[in-house]
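The listed protein sequences derive, respectively, from chains A and B.
Using our numbering, read the first sequence as starting at 1 and increasing by one per residue.
Using our numbering, read the second sequence as starting at 1 and increasing by one per residue.
Worksheet: one structure, shown below.
Number of protein chains: 2
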Amino acid sequence: MSERVTMKHVAAALGVSTATVSRSLRGDPTISLATRRAVQEMADRVQYRPLAAARRLRTQSSSLIGVVVQSLGDGYVGEVVLGIQRRARDLGYQPLFFASEGREDLEAEALEVFLSEQVSEFIAVSPTARPRLLRQAVEEGLHVAVINLDTEVEQDLFDAVESALAIPEVTAPGSADLDEICNIAFDDVAAGVLATAHLADLGHRSFVHLRGPHVRSSLHRLLGYRQALEALGRWPQPVLSTTDSAEPQVQEEREAAVAKFLRTCSPPLAMVAYDDLSAIAALRAAHGLGWRVPEDLSVVGIDDIPFAAYMNPALTTVAQPTHELGAIAVDALLGAPETQRRGCMLDGRLVVRESTAAPAAVANAHRRADLNSVEAPMGAD
Amino acid sequence: MSERVTMKHVAAALGVSTATVSRSLRGDPTISLATRRAVQEMADRVQYRPLAAARRLRTQSSSLIGVVVQSLGDGYVGEVVLGIQRRARDLGYQPLFFASEGREDLEAEALEVFLSEQVSEFIAVSPTARPRLLRQAVEEGLHVAVINLDTEVEQDLFDAVESALAIPEVTAPGSADLDEICNIAFDDVAAGVLATAHLADLGHRSFVHLRGPHVRSSLHRLLGYRQALEALGRWPQPVLSTTDSAEPQVQEEREAAVAKFLRTCSPPLAMVAYDDLSAIAALRAAHGLGWRVPEDLSVVGIDDIPFAAYMNPALTTVAQPTHELGAIAVDALLGAPETQRRGCMLDGRLVVRESTAAPAAVANAHRRADLNSVEAPMGAD
DNA sequence: TTGTACGCGTTATCAG
DNA sequence: CTGATAACGCGTACAA
């Protein structure tokens with residue numbers, strides 16, 4: 001029934017050629033201002049909408065920007081994605097999102113789709129150690145930017161960093177082979193330092209780090225923890241780790257690991273968690289054992305996911321500049337030449353909320369007794 | 001440098017016509033199996049990829065399914081979107097996501113984009129009271145499905161439902177004018193009933209509902225609360241409300257409202273919150289006043305956002321069948337004829353975690369004294 | 001300043 | 001069973 005309105009209609013209605021319409025609509029200055037205006041007016045009078053497919057077929061380019069994420073539901077990713085969408089829109093681009101669910105086959109499919117859609121700019125948000133996707137992407141001629149590339153890292157490196165020995169040479173993120181891509185990164189080392197220094201500034205002397213999975217960001221945050229402590233002359237300090245398992249149980253394992261550790265020591269204690277989710281697990285563990293946060297245990301997370309502020313107590317954390325990360329990635333690919341290309345590193349921002357406080361030194365002695373006598377309110381279930 | 005591989009290349013390499021290639025690739029049975037196979041083989045030997053733009057220009061249809069959400073970061077939306085993406089992929093469609101940020105201009109832009117992209121199927125996830133978008137969409141000839149349409153509702157209706165009077169005629173969601181669209185809905189009334197009944201089953205006698213904003217879902221959940229209570233012969237019971245304000249403060253306002261209420265009464269108490277976020281605010285308020293959850297206050301949320309399980313205590317809640325909602329919406333638009341068209345209503349599922357328990361009747365008397373003597377640990381900051 | 005004409009890669013129609 | 005050919009809507013080189 002309702003025919004699609006094409007340039008032909010606009011042209012006919014005005015008695016001009018389609019070429020004139022085309023040129024007018026894109027503001028070609030060789031067309032007289034009068035006709036340009038007339039065309040404009042007629043175009044939206046008849047509700048003309050350029051057909052993306054036709055334009056793409058003709059120009060061989062799509063003004064589509066492919067974005068692969070693991071999951072759109074993740075709060076952190078959502079923020080980054082928002083930054084991408086806003087900046088892309090400013091530049092006249094439309095993001096094409098694809099959730100990979102962490103599956104390699106879906107990542108491959110994403111690439112197929114992008115190629116079919118003539119996507120030429122490609123952003124991967126926090127890809128977990130899948131160089132293949134990125135390799136293929138550059139091989140296919142896409143311009144790719146990565147936000148927080150997170151490659152897998154050997155256990156040995158963690159062991160070394162956790163030891164009292166000299167810090168080993170920590171390779172640059174991503175490193176070697178991936179060279180064409182630009183990596184927009186959060187400074188995980190600095191975040192680790194920031195979190196730890198905050199606790200130290202509060203007067204804490206006794207620290208613990210809840211380590212993340214075997215990936216670069218985890219290693220770097222640990223490194224920051226160590227660096228800050230070394231600067232204070234207090235290294236080594238304990239590091240907790242859990243087996244890297246699949247999503248469902250990971251929170252419980254973290255909670256268990258923290259609980260186990262807390263039983264071996266006495267307040268006050270200061271914890272730097274790998275990320276906010278880890279910190280939240282720690283909150284639960286502490287509560288389960290009757291440790292009060294922040295009085296007995298100060299906890300600082302990293303990321304500042306949307307829910308951090310809603311926790312009880314609200315989580316002190318190092319915020320990632322999520323929107324910026326997204327915007328910069330877009331700029332790096334599409335922005336004016338002055339916007340950098342070769343990647344960059346952004347600092348986090350300390351957000352102090354309720355989960356950290358000065359150690360309650362005075363009350364120590366008698367609280368300690370308390371803790372030993374009470375049963376854990378929630379026990380292990 | 002790297003030329004795009006087209007059907008022409010495939011055809012040339014095999015000495016056949018592009019028509020044959022085209023037909024073979026789409027499995028046209030009029031082509032001999034032999035050639036079909038040969039074409040297939042050659043096609044992926046030379047890495048042929050159909051150009052979406054060309055196909056669309058020719059067929060006038062895009063196998064793209066437009067999806068408008070408010071925010072991709074929202075955990076709830078993320079889950080729904082996942083359901084959409086999975087089902088869409090099964091049917092050979094590619095979702096095109098657009099985050100409206102709740103802005104009407106962006107919604108309009110989304111529609112423009114969809115039209116340009118020849119999108120013919122359109123899903124809106126939890127649109128908040130913006131009939132305009134949907135109207136325009138159907139006017140432009142799109143097939144639209146809505147997941148949890150949430151229109152604004154007058155204060156009067158809330159007042160009426162909260163009163164002791166007879167329940168007023170509550171109009172169907174969306175209602176009247178939006179008729180072409182199919183509404184895939186979560187049964188909010190049933191969810192309210194489920195949550196309330198759970199608390200009643202636990203033995204609670206004293207209830208309170210923390211009401212949501214002035215939208216249909218909020219009204220319906222309140223209605224469920226009332227219905228369940230009426231069935232028990234315990235209506236009326238208190239209902240808490242906050243001013244509907246913009247995102248940033250809403251959590252704090254909810255927390256304050258709950259705190260204010262808790263000060264006026266004594267444990268044990270059972271609360272049905274509008275949603276998980278409200279419930280989380282209640283958790284904070286309770287903690288701030290020294291009420292223990294679930295011993296003094298049982299709280300049940302609705303939605304089961306991903307974070308509900310991580311809360312401390314983990315939140316008991318009524319889960320929305322998020323993936324299903326998404327999948328059904330896709331089916332309603334694209335699925336086989338046997339998959340319904342005219343919308344449907346899905347039930348929630350009670351997920352019992354740690355925030356609800358039987359009222360601690362015995363301990364009441366002396367605990368009450370406690371509560372009155374202690375200062376709120378966290379005070380108001 | 002504007003019009004004419006062609007081609008982008010694909011599919012559909014019509015012959016063969 | 002397969003091939004030639006036209007057309008989808010737009011942008012642009014070239015001509016006027």
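Don't be surprised by glycine CBs; every beta carbon is placed ideally from N, CA and C.
Predicted model, so just to flag it, every value in this text is computed and none were measured.
{"Query": "Short CB-CB distance (under 8 Å) between B:R284 and chain A", "Result": "yes"}
{"Query": "Proximity to B:T240 [Cα-Cα], best of B:Q60, B:E162, B:A231 and B:F307", "Result": "Residue identity differs from the one stated: residue 240 of chain B is Leu in this sequence, not Thr. Cα-wise, what sits closest to B:L240 is B:E162."}
{"Query": "Inter-residue Cα distance where the pair is A:F261 and A:Q227", "Result": "22 Å"}
{"Query": "CB of B:A43 within 8 Å of CB of B:L25, strictly", "Result": "yes"}
{"Query": "Inter-residue spacing [alpha-carbon to alpha-carbon] between B:V144 and B:R87", "Result": "16 Å"}
{"Query": "Under 9 Å from the C-beta of A:P50: neighbouring residues of chain B", "Result": "S116"}
{"Query": "C-alpha distance - A:A336 paired with A:G83, whole-angstrom precision", "Result": "17 Å"}
{"Query": "Three-state class that DSSP yields for B:R349 in the structure shown", "Result": "strand"}
{"Query": "Per-residue DSSP class, three states only, for A:M7", "Result": "helix"}
{"Query": "Assigned exposure category for A:S32 - 16 Cβ within 10 Å defines buried", "Result": "exposed"}
{"Query": "Min CB distance B:G73 to chain A below 8 Å", "Result": "yes"}
{"Query": "B:A99 at chain A interface by Cβ criterion, 8 Å", "Result": "yes"}
{"Query": "Within-8 Å CB hit, A:T242 to chain B", "Result": "no"}
{"Query": "N- and C-terminal bounds of the alpha helix (DSSP H) containing A:V280", "Result": "Residue identity check: residue 280 of chain A is Ile in the sequence provided, not Val. Segment D276 to L289, the alpha helix (DSSP H) holding A:I280."}
{"Query": "Chain B residues whose Cβ lies nearer than 9 Å to that of A:L96", "Result": "Q94, L96 and F97"}
{"Query": "Environment of A:G78 [buried if 16+ CB atoms lie within 10 Å]", "Result": "buried"}
{"Query": "Secondary structure of A:Q94, DSSP reduced to three states", "Result": "strand"}
{"Query": "Helix, strand or coil at A:T128 [DSSP, three-state]", "Result": "strand"}
{"Query": "Spatially closest choice to A:Q40 from A:W291, A:A11, A:R234 and A:T59, by CA coordinates", "Result": "A:A11"}
{"Query": "Interfacial residues, the segment 138-156 of chain B to chain A, with Cβ spacing under 7 Å", "Result": "G141"}
{"Query": "Chain B contact residues for A:A54, given Cβ-Cβ distances below 8 Å", "Result": "A53 and L57"}
{"Query": "Distance, B:W235 Cα to B:R292 Cα", "Result": "25 Å"}
{"Query": "Beta-carbon spacing of B:V208, B:M271 below 8 Å", "Result": "yes"}
{"Query": "Under 8 Å between C-beta atoms of B:L350 and B:D187", "Result": "no"}
{"Query": "Three-state secondary structure (DSSP) of B:E121", "Result": "strand"}
{"Query": "C-alpha distance - A:G212 paired with A:L219, whole-angstrom precision", "Result": "8 Å"}
{"Query": "Buried/exposed call for A:V46, threshold 16 Cβ in 10 Å", "Result": "exposed"}
{"Query": "Min CB distance B:Y310 to chain A below 8 Å", "Result": "yes"}
{"Query": "C-beta neighbour in chain B for A:V16, strict 8 Å", "Result": "no"}
{"Query": "Residue-level contact to chain A via CB, B:I123, 8 Å cutoff", "Result": "no"}
{"Query": "Extent of the continuous alpha helix (DSSP H) run through B:S24", "Result": "T18 to L25"}
{"Query": "Cβ of B:P306 within 8 Å of any chain A Cβ", "Result": "yes"}
{"Query": "Reduced DSSP secondary structure (H/G/I, E/B, other) of B:A358", "Result": "coil"}
{"Query": "A:G326 at chain B interface by Cβ criterion, 8 Å", "Result": "no"}
{"Query": "Closer than 8 Å at the beta carbon, the chain B residues around A:V81", "Result": "L72, G73 and A99"}
{"Query": "8 Å Cβ cutoff, B:I302 in contact with chain A", "Result": "no"}
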